[in-house]
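Contents: one structure, followed by commentary.
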Amino acid sequence: MNLIRAIFKPSRSRQQLAFVTLGLCTLAVLTVAIYIILHIIISGSGMISWHFLSQMPKKSGLEGGIMPAILGTLFLMLGTLIFALPVGVLAAIYLSEYAQHNWLTRVVNLSIANLAGVPSIVYGLFGLGVFALGLGLGTSLLAASLTLACQALAMVITTSREALLAVPRDYREASLALGATKLQTVREVVLPQAFPGITTGVLLALARAAGETAPILVVGATFFQSWLPHSPSDQFSALPYHLYVSSTQVPDMPEKRMWGTALVLLLVVLLFNSAAIYLRWRIRRQRAG
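For what it's worth, the working numbering labels the leading residue of the sequence shown as 639, then goes sequentially.
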């Protein structure tokens, strides 16, 4: 037994080697990410102007601005939030606070985890078949929002459930001991404590959805749109689809316009990620104070 322990006991040199290896892997990932971000900023910053951000496109996107794509992306994220947030959080509350821990719950949790690995184009075909054709919504902003909400549900449910389970059980027991009901305990004790984690998960899910092209490809996104959507039943333009068509299907498209669109999309995604970090930090600071 002592011999086995001596073999598997990590020596100081092995610990240092593991530390250096993990540090180099982290540095490699950061280097690639920083290079991509800096390259997009350098290549696209020259295109960013008020005219580019606020004007309608002209001549099949070769001139003018990308305002319909920017507003369409924001409308799409708002619709995704409206549909994914209540369903995802309520499902997480049921799974963590009310559902019995049996084989059925394990199957449900496993299915939710597997949804995160489904290719995005599958969600697009699902949205086309169920929302656009099945429910008669057509190719519209509403159908695209519901499609992206289905894709975001996996991350929203998983992160919300983990945030709820991270709340110490002593808080629940203390609330119930004081005479509060199960619903009151969840609403007044558990949810406020889990709110930072839930908010972070929701915003990260929206940031991922903001950069998706395949799910909205067949449910309402258009490339050249010289008008803004006036209702959820209208078609819309979005930054990822606009960038995809610009770079693959429009002849003589200036590279600086493509890089400018990529930079705007990157800023939108970074905005959601920064909002998640800021809200989490602010809530924790308020509680600590």
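Built from N, CA and C at the ideal position, the CB exists for glycine as well. Computed from a prediction, not measured in an experiment: that's the story for all the values here.
For residue i, the three-state DSSP class (helix, strand or coil)
| i | result |
| --- | --- |
| LYS696 | strand |
| PHE861 | coil |
| GLY710 | helix |
| GLU850 | coil |
| SER875 | strand |
| GLY932 | There is no way to answer for residue 932, as the model of the chain reaches only from 639 to 927. |
| SER651 | helix |
| PRO806 | coil |
| PRO889 | coil |
| ALA790 | helix |
| HIS739 | coil |
| SER687 | coil |
| GLY717 | helix |
| LEU780 | helix |
| HIS931 | Residue 931 lies beyond the residue range present for the chain, which begins at 639 and ends at 927; the question has no answer from this structure. |
| ALA754 | coil |
Top-ranked residue by Cα proximity to residue i, from the options
| i | options | result |
| --- | --- | --- |
| SER864 | THR838, ALA845 and GLY699 | GLY699 |
| SER912 | HIS868, ALA845 and LEU829 | ALA845 |
| ALA876 | ASN747, ALA729 and LEU786 | LEU786 |
| GLY774 | ILE795, PRO830, PRO870 and ARG807 | PRO870 |
| TYR736 | VAL828, GLN887 and PRO892 | VAL828 |
| CYS788 | LYS894, ARG807 and GLY726 | GLY726 |
| PRO867 | CYS663, LEU665, LEU709 and VAL667 | LEU709 |
| ILE1013 | VAL794, PHE862, ARG810 and SER687 | No information on residue 1013 is available, as it lies outside the stretch 639 to 927 that the chain covers here. |
Beta-carbon proximity list for residue i, same chain, < 7 angstroms, skipping 5 on both sides
| i | result |
| --- | --- |
| ALA770 | GLY776, THR777, ALA781 and VAL857 |
| ILE731 | LEU802 and VAL824 |
| PHE690 | GLY703, ILE704 and GLY898 |
| LEU641 | Because the pLDDT of LEU641 is 47, which lies under 50, any placement of that residue in the model is unreliable, and the number read from its coordinates should be weighed accordingly. Around LEU641: no qualifying Cβ. |
| GLN693 | GLY702, GLY703 and MET705 |
Cut-off 6 angstroms between Cβ atoms - residues of its own chain near residue i, not counting five sequence neighbours on either side
| i | result |
| --- | --- |
| LEU855 | GLY762 |
| SER683 | none |
| ALA832 | ALA801, LEU802 and VAL805 |
Other residues of its chain near residue i: CB distance less than 8 angstroms, five sequence neighbours each side excluded
| i | result |
| --- | --- |
| ILE678 | TRP897, ALA900, LEU901 and LEU904 |
| ILE759 | ALA852, PRO853 and LEU855 |
| ARG922 | PRO834 |
- Task: Inspect the CB distances between the segment 836–844 and the segment 811–820 and report whether three or more fall short of 8 angstroms.
- Result: Because the criterion of three Cβ pairs below 8 angstroms is not met, the segment 836–844 and the segment 811–820 do not touch.
- Evaluate contact between the segment 902–916 and the segment 744–760, counting only Cβ atoms and requiring at least three cross-stretch pairs below 8 angstroms. The segment 902–916, when compared against the segment 744–760, does not touch it at the 8 angstroms Cβ threshold.
- Task: Identify every run of the alpha helix (DSSP H) within the segment 810–842, keeping only runs that are complete inside it and at least 4 residues long; order them along the chain.
- Result: With a minimum length of 4 residues, the continuous alpha helix (DSSP H) runs that stay inside the segment 810–842 are 820–823.
- Query: Where in the segment 654–678 do unbroken runs of the beta strand (DSSP E), each at least 3 residues long, occur, reported from the N-terminal end onward?
  - Reply: As far as the segment 654–678 is concerned, it has no whole beta strand (DSSP E) run of at least 3 residues.
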